[in-house]
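Chemist: Here it is, the structure in full.
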């Protein structure tokens, strides 16, 4: 059964399976915009992390069973998970298997992780009790109703979790309530987990990409920094790949994490003094989600260092729409030359691994689909309601255009449309389009005069001009129509309005899609993958800590999410669990990546 059919069994499932979020549908844009605005206020005036300082400060260990004697561990990392059911449950189902066969240059059988790390954005588009239940808790509970080994689940909040100030996030993950067979143990929005073979895994909450609060720093100082020993390896999970953002928009984006590394991992304060001493530990892996793709950057060393390379990994394939990779920088310099932290540490270059998911050519070709009317990913087809929004906009513009056109002809608007010639209409189009262009560019021109430095105009001007062009061309088309002389003006007016609603909905949507596809960076470029809501190509990273201290990464992906389900009874309850009718066939995105615990090997 498909998603719609599965939704009819919500009483048996205990939750309501959800479709993937349509990010460019008008209702979603409005709701998310309001939530984002409120989250900014909460971030400034109600930082919930300060309140968390009153909660128990609990260090965690994994695996939960006999952690003192464990010599190795398997750890799973998934991020951006709480979206549509088909993609989310496909990943949850793979994570829940006791062992998973994975294809690659050789076949691998990978045991289920004794620790599951959720790397941010556990719900979309905004947090609520029903949102978490239907998009995250329900699917994960159904995928693993119970487990004898009781794997631990920890979660890091992403920006979508922060939109209510972490209220719902802490209720879901911070009160010790199990989610199916997974056990939760954290009490705050950040965590530290001690792993076998002298490894530590830290989840650092930087809020909405801003800073690390004092109580959180005190938590890590007490439970981690004071206990680190020479040769210990550290994995740091963050909610966004700030290291990549240093090459895109903000050279200081990585500063907070860089400072945390210097002050709380590599060094510590000598008790009773202001002096600092080296811990001898080092961050060997930085891992995050937020960007819904897979990419890895490896430290550039003078020799073929292999496992000694520090790694930066982004894996946000847990369920949300598939994002682009063709615009990723080939290399990163951390800290960047213009960053405030540049003189604190010698800069290190990190090269992007040749394999990404999706690959660059696929990513580059996919962005154009948003503007292809014959594609299943065409903007109005993938985002219900957008064509109606475009239709309403075009009707409004048509009324304005015909009113002004009537004034220039000294006639009522509809009479002007019926009686004017095509040359007259085209001349009006040119004059009106020029006036709109000047009005749209006026703020930019005033800015140029005031600043006396060159800058490019906002890309919003392109969107305005495209919509104006559609409206003027539609009006000109109506001028060219040989309206029957016997038709009253009201019938001509109604015909024009109807045609504008239909044609304007299509052409206005296409004009906006062309505007989005033409963007090369920034917010609008991000709408290219978001507007398509691709549900396939989903996965996670499975990690193995060996008894010799080596950490091996297995980036797992399934090319097609399951869209056909059957129901099986859960023997431990009165619920039913969805089962894929065709078992997913995961593969490795790239060969396993080995990371030594220490740089001294």
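Numbering (my numbering), first residue to last: 3 to 603.
C-beta: ideal position from N, C-alpha, C; glycine also.
What do you get for residue 354, buried or exposed, if any count of 16 or more other CB atoms within 10 angstroms of its CB means buried?
Modeler: Around the C-beta of residue 354, 16 or more other C-beta atoms lie within 10 Å, and the residue is accordingly described as buried.
Chemist: Around the Cβ of residue 313, are there at least 16 other Cβ atoms within 10 angstroms (buried) or fewer (exposed)?
Modeler: Buried, because 16 or more other Cβ atoms sit within 10 Å of the Cβ of residue 313.
Chemist: Consult DSSP for residue 540 and reduce its assignment to one of helix, strand or coil.
Modeler: strand
Chemist: Would a C-beta distance cut-off of 8 Å place residue 515 and residue 336 closer than the cut-off?
Modeler: no
Chemist: Report the rounded CA-to-CA distance for residue 171 versus residue 304, giving the unit in angstroms.
Modeler: Computed Cα separation, rounded: 44 Å.
Chemist: Put residue 580 into one of helix, strand or coil per three-state DSSP.
Modeler: strand
Chemist: Quick one: residues in its chain with C-beta nearer than 7 Å to the C-beta of residue 181, no 5 flanking neighbours on either side, listed in chain order?
Modeler: The beta carbon of residue 181 is closer than 7 Å to those of 139, 142, 143 and 155 in its chain, skipping five residues each way along the sequence.
Chemist: Report the rounded CA-to-CA distance for residue 499 versus residue 397, giving the unit in angstroms.
Modeler: 6 Å
Chemist: Looking at residue 475 and residue 403, is the spacing between their C-beta atoms short of 8 Å?
Modeler: no
Chemist: From 114, 442 and 568, pick the residue whose C-alpha is nearest to that of residue 578; which is it?
Modeler: 568
Chemist: May I ask you to verify whether the region 196 to 216 touches the region 242 to 258, counting CB pairs closer than 8 Å and requiring at least 3?
Modeler: yes
Chemist: From the DSSP output, in three-state form, read off residue 338 for me.
Modeler: Looking at residue 338 - three-state DSSP - the assignment turns out to be coil, as it is neither helix nor strand.
Chemist: Which residue comes first and which comes last in the alpha helix (DSSP H) that contains residue 473?
Modeler: 462 to 482
Chemist: List, from N- to C-terminal side, the alpha helix (DSSP H) runs of 4 residues or more that fit wholly inside the region 381 to 467.
Modeler: 381 to 384, 388 to 411, 415 to 421 and 424 to 453
Chemist: Do three or more CB pairs link the region 82 to 100 to the region 216 to 230 at distances below 8 Å?
Modeler: Contact fails: fewer than three Cβ-Cβ distances are below 8 Å.
Chemist: What first and last residue would you give for the beta strand (DSSP E) that runs through residue 600?
Modeler: Neither: residue 600 is in no beta strand (DSSP E) and is coded neither H nor E.
Chemist: At the level of alpha carbons, what is the spacing between residue 462 and residue 448?
Modeler: Computed Cα separation, rounded: 16 Å.
Chemist: Per DSSP, which residues does residue 546 bridge with? Please list them.
Modeler: 76 and 554
Chemist: Would you kindly check if the distance between the Cβ of residue 545 and the Cβ of residue 79 is under 8 Å?
Modeler: The Cβ atoms of residue 79 and residue 545 sit closer than 8 Å to each other.
Chemist: Considering only their Cβ atoms, is the gap separating residue 19 from residue 32 smaller than 8 Å?
Modeler: No; because the gap between Cβ atoms is not below 8 Å, this pair is not in contact.
Chemist: Go through its chain and collect everything with a Cβ distance to residue 186's Cβ below 7 Å, but skip five positions before and after it.
Modeler: Here the set comprises 155, 175, 178, 179 and 180.
Chemist: Report back the beta-carbon spacing between residue 563 and residue 540 to the nearest angstrom; my notes put them in contact at under 8 Å.
Modeler: Contact between residue 563 and residue 540 holds: CB atoms are separated by about 5 Å, below the 8 Å threshold.
Chemist: Going by alpha carbons, who is nearest to residue 583 out of 88, 472, 435 and 320?
Modeler: 88
Chemist: Can you tell which of 3, 13 and 264 has its C-alpha closest to the C-alpha of residue 576?
Modeler: 13
Chemist: Give me the residue from 81, 112, 85 and 135 with the minimum Cα distance to residue 120.
Modeler: Residue 120 has its Cα closest to that of 81, out of 81, 112, 85 and 135.
Chemist: DSSP on residue 564, reduced to helix/strand/coil?
Modeler: coil
Chemist: Contact between the region 355 to 373 and the region 267 to 280 is defined here as three or more beta-carbon pairs at a separation below 8 Å; is this criterion met?
Modeler: no
Chemist: How long is the line joining the alpha carbons of residue 488 and residue 494, rounded to whole angstroms?
Modeler: 10 Å
Chemist: Looking at the strands, I want to know which residues DSSP matches up with residue 214.
Modeler: None, per the DSSP bridge assignment.
Chemist: Assuming residue 283 and residue 224 make a contact with CB atoms under 8 Å, what is their CB distance in whole Å?
Modeler: No, residue 283 and residue 224 are not in contact; Cβ-Cβ is about 16 Å, not under 8 Å.
Chemist: Just verifying my parser: in three-state terms, what is the DSSP assignment at residue 494?
Modeler: helix
Chemist: Less than 8 Å between the beta carbons of residue 319 and residue 237, yes or no?
Modeler: no
Chemist: So, helix, strand or coil for residue 323, using DSSP?
Modeler: coil
Chemist: Specify, as a first and last residue, the run of the alpha helix (DSSP H) that residue 260 falls within.
Modeler: 257 to 262
Chemist: Tell me which residues share the same chain as residue 110 and place their Cβ nearer than 6 Å to its Cβ, disregarding the 5 neighbours each side in the sequence.
Modeler: If we look at residue 110 and ignore the five residues flanking it on each side, its Cβ neighbours are 104.
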